[in-house]
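In the numbering used here, the protein residues as written are 4 to 265. I have placed the structure first, in the form of structure tokens, so that the comments after it can refer back to it.
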């Protein structure tokens, strides 16, 4: 977001706790847009007693707090959503599909979406398989490839990557073009693949053999492990609506190559 909005105010939980009363935290009348990228994303920890409370606090309560400000001051609010609001039964998810979250994380994100949707001037950006700064699947596979480790990777969860740089560009586009308010699916373009397929692609780009990656089912991967949250098997989001505005996401393979180089 800093690349597309270098002059915007960015804040942290330490400087602005959005789960508390923030009515006097800023001169809100001076703001035109709030972009809420804050989220509790530890899917497995959200199933624990402590994690459940935190997930609801961050993903639902804090979002509602921002919505109250947006409503009072006629501010446009942008909220980042997730494919986890769906159970993954359908192979392709549209923006108007009814919520069917499997676990606590998905439930809290769905709750946040519902609150945001009550604000007239809102954009809900629904994403999947997000890759950005910090630890993520792509960086993990790259590290394993560089260490000559041969991983087992799930092959029955299907979706598309979403690079944070493309999320930022989509938000900028919607705001700059005054696109109709509402929910928009935003992922990178391209074929839907499994995590194992992605791992193989990463290994090839790192100069390793795709045969170093062993595909396994979700059940096999988590066999004997406890405290594992359910995952949707199908996470592919229909991009027709965002593309109809004129915004065309990059192909995930192109974005992946650029990400690994940089």
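We put the CB at the ideal spot given by N, CA and C, even for glycine. Values in this document were obtained by computation on a predicted structure and should not be read as measured data.
For this session: Throw me the rounded Cβ distance for the residue 128 and residue 170 pair, which I believe falls under 8 Å.
Result: 6 Å
For this session: Using beta-carbon positions only, say whether residue 65 and residue 111 come within less than 7 Å of one another.
Result: Taking C-beta atoms as the reference points, residue 65 and residue 111 fail to come closer than 7 Å.
Exercise. Taking only runs of the alpha helix (DSSP H) that begin and end inside the stretch 18-60, which ones reach a length of at least 4 residues, in chain order?
Worked result: 52-59
For this session: To the nearest angstrom, report how far apart residue 168 and residue 254 are at their CA atoms.
Result: 13 Å
For this session: In the DSSP assignment, find the unbroken alpha helix (DSSP H) run with residue 120 in it and report its ends.
Result: 107-120
For this session: Taking the CB atoms as reference points, tell me whether residue 166 and residue 141 lie closer together than 7 Å.
Result: no
Exercise. Since residue 141 is in the alpha helix (DSSP H), which residue starts that stretch and which ends it?
Worked result: 140-149
Exercise. Would you call the CB atoms of residue 106 and residue 232 closer than 7 Å?
Worked result: For residue 106 and residue 232, yes; Cβs fall inside 7 Å.
Exercise. Exposed or buried, which one is residue 190 when buried takes at least 16 other CB atoms within 10 Å?
Worked result: buried
Problem set entry | Touching by the beta-carbon criterion (3+ pairs, under 8 Å), the stretch 47-55 and the stretch 92-105 | Taking 8 Å as the limit for Cβ pairs, the verdict is that the stretch 92-105 does not touch the stretch 47-55.
Exercise. Considering residue 182, what are the terminal residues of the alpha helix (DSSP H) in which it resides?
Worked result: From DSSP, residue 182 is part of no alpha helix (DSSP H); its letter is neither H nor E.
For this session: Output yes or no for whether 7 Å exceeds the beta carbon distance between residue 61 and residue 126.
Result: no
Exercise. Of the choices 138, 163, 198, 174, whose alpha-carbon is the least far from that of residue 154?
Worked result: 198
Exercise. If you draw a straight line from the alpha carbon of residue 160 to that of residue 9, how long is it in whole angstroms?
Worked result: 36 Å
Exercise. Which whole-angstrom value describes the C-beta separation of residue 98 and residue 188, a residue pair presumed to lie in contact below a C-beta threshold of 8 Å?
Worked result: 6 Å
For this session: Look up residue 216 in the DSSP assignment and say whether it is helix, strand or coil.
Result: coil
For this session: Closer than 8 Å by C-beta to residue 124: which residues in its own chain qualify, once you throw out the five before and the five after it? Chain order, please.
Result: 73, 77, 78, 79, 80, 184
Problem set entry | residue 242 burial status per 10 Å Cβ neighbour count (16 or more: buried) | buried
Exercise. Looking at C-alpha atoms only, which residue of 83, 251, 59, 56 is the closest neighbour of residue 176?
Worked result: 251
Exercise. Would you say residue 131 and residue 162 are within 7 Å of each other, going by their C-beta atoms?
Worked result: yes
Exercise. Helix, strand or coil: how does DSSP classify residue 95 here?
Worked result: In the structure shown, residue 95 adopts coil according to DSSP, grouped into three states.
For this session: Return the CA-CA distance between residue 15 and residue 87, expressed in angstroms with no decimal places.
Result: Roughly 24 Å between the two C-alpha positions.
For this session: Sort out for me which residues DSSP pairs residue 188 with in a bridge.
Result: 129
Exercise. If you count every other CB in all the chains shown that lies within 10 Å of the CB of residue 114, and 16 or more means buried, which is it?
Worked result: Buried is the call here.
Problem set entry | Candidates 240, 145, 69, of which the one nearest residue 193 by Cα | Shortest Cα-Cα distance from residue 193 to any of 240, 145, 69 involves 240.
Problem set entry | Three-pair Cβ contact test at 8 Å for the stretch 25-35 versus the stretch 194-213 | no
Exercise. Span of the beta strand (DSSP E) holding residue 156?
Worked result: 155-157
For this session: Return the first residue and the last residue of the alpha helix (DSSP H) that residue 103 is part of.
Result: From DSSP, residue 103 is part of no alpha helix (DSSP H); its letter is neither H nor E.
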